[in-house]
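Undergrad: This is the structure, below, for whatever I ask next.
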Amino acid sequence: MTWEELLADSLDMSDEVHCFREEDKPAFRKSKAQMARFYQRMIDIENNKIKQIFRPRVLSDTPEQHLTAEEMEAELAGKKVCSQAHHFANLAINHYNNIEENIVKIELCTVLLSNCFHEICGSTYAHVNFTARAQNDDQAKKSLYFAELKLNPDLLAKRMERFAELSLDPNIVGCADDIEPMCVVSIHNLQGSCFGGCHEINRRIDYVMTRNQDYERCHSCSDRIKHPYGTEFVAGHDSSKIPYYTAG
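Residue numbers (this note's numbering): 1014 to 1261.
Shown next as structure tokens:
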């Protein structure tokens, strides 16, 4: 069928007789009319080919921001936070407090946002925002934090094995939850500055990248999730966004 014949077919309403009900015909005619308009825009009938019609890419960026913990909390007030985000934030807090060099230990105030995603290599990562302050000090100032976590496949396999063992023999001492497969890669205080993710925009990139890797921003997260400068975290740099659209 030529493109001209496709257009003629879309303008032909005679096959509305195949509608089971009379009330279905208006919707059928509307659908056919929409298809006809589509073909009229796309088809060069004289040359029997598709016109090359492209929507121009609008380039933008996520600017450097200076946000307080209170501003982020207010922006997300009333939003439901998933249990996964709480889990990631608590892992990050525990990781931070277990580092000997961190003399001032912190406690969790508010869990804000998280995103779990896959890289093209198959590795699974997570980014999470939360607020925290110094432990046992109600007067301490809150700070906004970012943490990156990575799934350890070996630990996940051990956890699944433990679940299987416990299901087969209830007398086994232990708990599968003792094996945590998500490991904290880094945690950052965003008190100085932060950058939103670029997942929903086409970022203007003015330097030559290697394999689409933009090491200035995160392309897996939306602008709502705040990050340090891109060189401070490992994952989310694929500017093609292909692995992030297919993440489960």
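Glycine is no exception: its CB is placed at the ideal position from the N, C-alpha and C atoms.
Among H1131, H1240, K1118, whose alpha-carbon lies nearest the alpha-carbon of G1205?
TA: Counting from one through the sequence shown, the residue named residue 1205 turns up at place 192. Nearest of H1131, H1240, K1118 to G1205, Cα basis: H1240.
Undergrad: With distances taken Cα to Cα, identify the nearest neighbour of S1235 among K1038, F1208, M1195.
TA: Residue numbering aside, residue 1235 sits at position 222 when the sequence shown is read from its first letter. Out of K1038, F1208, M1195, F1208 has the C-alpha closest to the C-alpha of S1235.
Undergrad: Would D1227 pass as a contact of G1210 if the rule is Cβ separation under 8 Å?
TA: As a working mapping, residue 1227 is identified with position 214 in the sequence shown. As a working mapping, residue 1210 is identified with position 197 in the sequence shown. It is not a contact, given that the beta carbons lie outside the stated cut-off.
Undergrad: State whether the segment 1139-1153 contacts the segment 1165-1174, with contact taken as three or more CB pairs (one from each stretch) at a distance under 8 Å.
TA: Result no; under three Cβ-Cβ pairs closer than 8 Å.
Undergrad: Check for me: the alpha helix (DSSP H) holding K1163 runs from which residue to which?
TA: For this step, residue 1163 is matched to residue 150 along the sequence shown. It is not in any alpha helix (DSSP H) - K1163 instead sits in the beta strand (DSSP E) that spans 1156-1164.
Undergrad: Checking 8 Å against the spacing of the C-beta atoms, do K989 and N1107 come in under that value?
TA: Given that the chain is displayed from residue 1014 to residue 1261, the structure contains no residue 989 and the question cannot be resolved.
Undergrad: Tell me whether R1216 sits in a helix, a strand or coil according to DSSP, three-state version.
TA: Residue mapping note: residue 1216 aligns to position 203 of the sequence shown, counting from 1. In this structure, R1216 counts as strand in the three-state DSSP scheme.
Undergrad: Which one or two residues does DSSP pair with D1251 in a beta bridge?
TA: Residue 1251 sits at position 238 when you count from the first residue of the sequence shown. Q1226, per the DSSP bridge assignment.
Undergrad: Pairs of beta-carbons, one from the segment 1133-1143 and one from the segment 1155-1162, closer than 8 Å: are there three or more?
TA: Segments in contact, yes.
Undergrad: Taking the beta carbon of P1039 as the centre, do at least 16 other beta carbons fall within 10 Å, making it buried, or is it exposed?
TA: Numbered from its first residue, the sequence shown carries residue 1039 at position 26. It counts as exposed.
Undergrad: From which residue to which residue does the beta strand (DSSP E) around S1096 run?
TA: In the sequence shown, the residue the question calls residue 1096 occupies position 83. No beta strand (DSSP E) contains S1096, which is instead part of the alpha helix (DSSP H) from 1096-1110.
Undergrad: Output the distance between the C-alpha atoms of S1073 and E1213, rounded to the nearest integer angstrom.
TA: Numbered from 1 along the sequence shown, position 60 holds the residue referred to as residue 1073. Numbered from 1 along the sequence shown, position 200 holds the residue referred to as residue 1213. The alpha-carbon atoms of S1073 and E1213 are separated by roughly 10 Å.
Undergrad: In angstroms with no decimal places, state the Cα-to-Cα distance between D1251 and I1200.
TA: Mapped onto the sequence shown, residue 1251 falls at position 238. Mapped onto the sequence shown, residue 1200 falls at position 187. The alpha-carbon atoms of D1251 and I1200 are separated by roughly 21 Å.
Undergrad: Rounded to the nearest angstrom, how far is the Cβ of L1080 from that of L1157, given a contact under 8 Å?
TA: In the sequence shown, the residue the question calls residue 1080 occupies position 67. In the sequence shown, the residue the question calls residue 1157 occupies position 144. Indeed they touch by this definition, with Cβ atoms about 6 Å apart.
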